[in-house]
Structures are given as C-alpha cells and as structure tokens.
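Numbering-wise, this note's numbering puts 32 at position 32 of the sequence shown, and it's gapless, one number per residue. So the structure is just underneath, and the comments pick up after that.
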Amino acid sequence: MAGDYRGLYLIGDKKTGRITDVQVEDDGGHQHSLPFAVYLVRGVEPDHRTLPWQEDIKETPARPVSDS
1 MAGDYRGLYL
11 IGDKKTGRIT
21 DVQVEDDGGH
31 QHSLPFAVYL
41 VRGVEPDHRT
51 LPWQEDIKET
61 PARPVSDS
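Now the structure itself:
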C-alpha cells in the first residue's frame with residue numbers, strides 16, 4: 001500500500017504541531033488528503049517529519065484555458 005501514495009505536505013495547525021491530514025499524490029497523479037493516522041499506518045513515504053506544512057507551500061496559479 002505504501003507505494004500507492006507519495007506525501008506532499010502536512011495539513012493541520014503548524015503553531016501547535018498538530019497534524020490532522022497529509023496531502024498525498026497517487027500513482028495516477030491525483031491528489032487526496034489522508035488522515036494522519038492512515039498515512040502512518042500505511043507507511044507512506046516520505047517520512048512525515050520531512051514534509052512541509054500546507055501554509056508553507058506556494059500555490060501555483062492555474063493556467064488560463066486557451067480558447068484556440
């Protein structure tokens with residue numbers, strides 16, 4: 001199961017260090033939120049201690065859809 005997902009960033013309260021979920025990406029490139037406990041039980045990589053917090057991730061603006 002661990003190979004099905006790759007951790008991207010932590011979701012929760014950075015100030016208190018409370019992690020509620022981890023944003024992950026599956027092998028098909030789709031992103032999902034996994035509850036933190038599920039992330040740990042499934043042994044998803046990388047280790048959660050190496051992941052950034054959601055608030056530290058810069059959002060990339062969506063590209064406008066071309067009419068052509």
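All C-beta atoms in this analysis are idealised placements derived from N, C-alpha and C, irrespective of residue type, glycine included.
With distances taken Cα to Cα, identify the nearest neighbour of residue i among the options.
i	options	result
residue 5	18, 49, 23, 16	23
residue 36	14, 21, 55	21
Report all residues from its chain with a CB closer than 7 Å to the CB of residue i; omit the five preceding and five following residues, and keep chain order.
i	result
residue 32	24, 26
residue 1	Unreliable positioning characterises residue 1 in this predicted model, as indicated by a pLDDT of 47, which lies under 50. A coordinate reading is not provided.
residue 57	9
State the CB to CB distance for the pair residue i and residue j, rounded to an integer number of angstroms; the pair is presumed to be in contact (CB under 8 Å).
i	j	result
residue 48	residue 19	7 Å
residue 7	residue 39	7 Å
To which residues of the same chain is residue i closer than 6 Å at the C-beta, ignoring the five residues directly before and after it?
i	result
residue 52	9
residue 15	none
residue 54	9, 11
residue 30	none
**Request:** Return the chain-ordered ranges of every beta strand (DSSP E) run that is complete within the stretch 13–60 and spans a minimum of 3 residues.
**Result:** 18–26, 31–35
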